[in-house]
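Chains A and B are the protein sequences, given in the same order.
Going by my numbering, 60 is the number at position 60 of the first sequence; the sequence numbering is gapless.
For any residue, its number in my numbering is found by taking its place in the second sequence, counting from 1, and adding 1000.
Number of protein chains: 2
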Amino acid sequence: MSAIASAAVSAAAPSTPRQLRLAARAGAWSAPTADVAPGYVQGNLTILPQALAADFLLFCQRNPKPCPLLAVGSPGDPSLPTMGADIDLRTDLPRYRVFRDGVLVDEPTDVRALWRDDLVAFLIGCSFSFEAAMLEDGLPVRHIEQGCNVPMYRTNLPTAAAGPFGGPLVVSMRPLKPRDAIRAVQITSRFPAVHGAPVHFGDPAAIGIEDLARPDYGDPVRIDAGEVPVFWACGVTPQAAMAQAQPELSITHAPGHMLVTDMRNTRLASF
Amino acid sequence: MSAIASAAVSAAAPSTPRQLRLAARAGAWSAPTADVAPGYVQGNLTILPQALAADFLLFCQRNPKPCPLLAVGSPGDPSLPTMGADIDLRTDLPRYRVFRDGVLVDEPTDVRALWRDDLVAFLIGCSFSFEAAMLEDGLPVRHIEQGCNVPMYRTNLPTAAAGPFGGPLVVSMRPLKPRDAIRAVQITSRFPAVHGAPVHFGDPAAIGIEDLARPDYGDPVRIDAGEVPVFWACGVTPQAAMAQAQPELSITHAPGHMLVTDMRNTRLASF
């Protein structure tokens, strides 16, 4: 948990997605959303000026594993009707990050004052959905056991660029015994809209990761004897692309403070 | 088979995707591509001016079942490196359709003379891939048995619009016994990149189809006793959207004359 999270407002845990969104909107919830409204899809938010929207959309199309698009808004429209009733993307996330020219400048709890007629919202799938499926199947998810963030690493695997967007693939890592890793491949393959099957397992150096104990984002986790690290494409990849593109304005969710949608996780299962 | 097809050049059937593309490029193959290079993905081509490309990309993102994008080219670039070595989209399809302001004006065998620096190519998945999986599983595919085109129908189901692109969902229909229809749901669910699971089965009127014997595109097929019509989202949907948007220039493959790629059908299976 970050300093922000521990300072956050989180009195009574909402039990439905809409209750969480309304609590965030009212300023009554600014904590992370892990474990809130279990069973419902949570999404990574990226908001960009329309001038960059086409290139970012193409970047997502060309990199579907790290950037699985759940929805794209219309210019100037802060709703996202396919993902939930009455969503207001300016207020309904517990906390945001605001970037100017690619530099983090603020972490507000609403972005009404920043909204413009040319802003376009992108919602990208999040591994919370496939982790729920892994847990339901009895597989261990180490960072959840340890109560920390998932470890994430920049790799030497390039994304497919589109306009100013490019850069390295970022992966998340979960240690698993080989038998469980095989089952995790099966389970996560069913969820192409939330990163799908892993991209690598085993030797970290093979994808340019020097030290598993020093993740680039998130927290290190314990790897037990007999376990192998398993790597999935990660929704932080578009943030790395954003840092490269340096848009004059971009707004994202604060890490762990996701949009909680009305869509059930099971609706993302391809089979 | 259309008049065009029967007049087409198709001397020796190429056995690999690249051989087919080179034969088309050399003017030695202008016939349909069904049954050519079995096992490889064939795609629906749409080429548009860059000014409309962002809206069309968004239209595809919002309508993934009828418009599953396999690849998007860069402006002015007639290659499509993720789909095959040395592809030249101006020459490598056996036949094209050229539209001016939404109206069909020509069906040439290459479009080099029309190419411009601002043209963007979109490749959309095609049901050939899931039909191959159905046939391998022993399921009947009626229009293949009858040697005609699949019947396609405009429905009363709207697509999600994006800019000038919108209009009705177009579906293709394959009659199946209920047991086979269930299996077909399983098989085609594995192929989200080529329209995925059906959108409807049974009563045609429920989705606005008046008469199965009079398809809007393709040919009618026989429905045997005990069979139900099963409807899949169809790659003709973007053509209907194009007719609505009336771009000053658009180029597509001629029906049945697809881009034959180097990607194996099995690579599109989500699981």
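The beta carbon of each residue, even a glycine, is placed where N, CA and C say it ideally should be.
Asked                                                                                                                                                       : Found
Under 8 Å: do the stretch 249-263 of chain A and the stretch 179-197 of chain A share three or more Cβ pairs, one atom per stretch?                         : no
Would you kindly report the start and end of the unbroken alpha helix (DSSP H) that includes Gln-50(A)?                                                     : 50-62
Starting from the Cα of Ala-1034(B), find the closest Cα among Gly-1027(B), Ala-1028(B) and Gln-1042(B) and give me that residue.                           : Gln-1042(B)
Once you ignore the five residues that flank Val-1036(B) on each side, which residues in its own chain have a CB closer than 7 Å to its CB?                 : Ala-1013, Pro-1014, Leu-1020 and Val-1260
What do you reckon, are the CB atoms on Pro-158(A) and Gly-147(A) nearer than 9 Å?                                                                          : no
Report yes or no: is there a C-beta of chain B within less than 9 Å of the C-beta of Gly-208(A)?                                                            : no
Kindly list, in the order they appear in chain B, the residues whose Cβ is closer than 8 Å to that of Ser-127(A).                                           : Chain B residues near Ser-127(A): none, gap ~17 Å exceeds 8 Å.
Could you have a look at Ile-1251(B) and say whether DSSP puts it in helix, strand or coil?                                                                 : strand
Do His-200(A) and Ala-31(A) count as a contact pair if the criterion is CB distance below 9 Å?                                                              : no
With distances taken Cα to Cα, identify the nearest neighbour of Pro-255(A) among Ala-269(A), Val-236(A) and Arg-174(A).                                    : Val-236(A)
Should Arg-62(A) be flagged as near chain B, meaning a C-beta pair shorter than 9 Å?                                                                        : yes
Note down, in chain order, every chain B residue with its Cβ under 7 Å from the Cβ of Pro-192(A).                                                           : Pro-1192 and Ser-1270
Less than 9 Å between CB atoms is the rule here; does Pro-14(A) satisfy it with respect to chain B?                                                         : no
So what's Thr-1261(B) in DSSP terms, helix, strand or just coil?                                                                                            : strand
Within its chain, find whatever has a CB closer than 6 Å to the CB of Val-150(A); leave out the 5 residues flanking it on each side and keep chain order.   : His-143, Ser-172 and Gly-218
Could you tell me whether the Cβ of Gly-84(A) comes closer than 9 Å to any Cβ of chain B?                                                                   : no
Regarding Cys-1148(B) and the ligand GTP, is the C-beta to nearest heavy atom distance less than 8 Å?                                                       : The ligand GTP is absent from the structure shown, which contains no ligand whatsoever.
Since Leu-169(A) meets chain B, which of its residues come closer than 8 Å, beta carbon to beta carbon?                                                     : Under the 8 Å cutoff, chain B gives no residues; its nearest Cβ is about 15 Å from Leu-169(A).
Quick check: the Cα distance between Ala-71(A) and Met-1242(B), rounded to an integer number of angstroms?                                                  : 22 Å
Give the straight-line distance between the Cα atoms of Leu-1045(B) and Ala-23(A), rounded to the nearest whole angstrom.                                   : 47 Å
What residue range is occupied by the uninterrupted alpha helix (DSSP H) comprising Val-185(A)?                                                             : 178-189
Any idea which residues DSSP pairs Gln-1042(B) with across the strands?                                                                                     : Val-1260(B)
For the alpha helix (DSSP H) that contains Ala-245(A), what are its first and last residues?                                                                : 237-245
Who are the near neighbours of Ala-1160(B) in its chain, counting only those whose CB is closer than 7 Å to its CB and skipping five residues on each side? : Arg-1062 and Asn-1063
Using a Cβ cut-off of 7 Å, which residues of the stretch 70-99 of chain A contact any Cβ in chain B, in chain order?                                        : Val-72
Helix, strand or coil for Met-83(A) per DSSP?                                                                                                               : coil
So which residues of chain A does Leu-1057(B) contact, with C-beta pairs closer than 9 Å?                                                                   : Ala-54, Leu-57, Leu-58 and Gln-61
Can you tell me the Cβ-Cβ gap for Leu-58(A) and Leu-1268(B), rounded? I've got them flagged as a contact below 8 Å.                                         : The pair is not a contact, with the Cβ atoms about 20 Å apart (cut-off 8 Å).
Skipping 5 residues on each side, what residues in its chain have a beta carbon closer than 8 Å to that of Met-152(A)?                                      : Val-170, Val-171, Ser-172, Met-173, Pro-215, Asp-216, Tyr-217, Gly-218, Cys-234 and Val-236
Determine the closest residue to Ala-1054(B) out of Ala-1121(B), Val-1103(B) and Arg-1090(B), with distance taken between C-alpha atoms.                    : Ala-1121(B)
Nearest chain A C-beta to Ala-1160(B) closer than 9 Å, yes or no?                                                                                           : yes
Around the Cβ of Gln-1186(B), are there at least 16 other Cβ atoms within 10 angstroms (buried) or fewer (exposed)?                                         : exposed
Reducing DSSP to helix, strand and coil, say where Ser-127(A) ends up.                                                                                      : coil
Quick one: grab the DSSP three-state call for Thr-1266(B).                                                                                                  : helix
Could you check the C-alpha separation between Asp-1086(B) and Asn-1265(B) for me, to the nearest Å?                                                        : 19 Å
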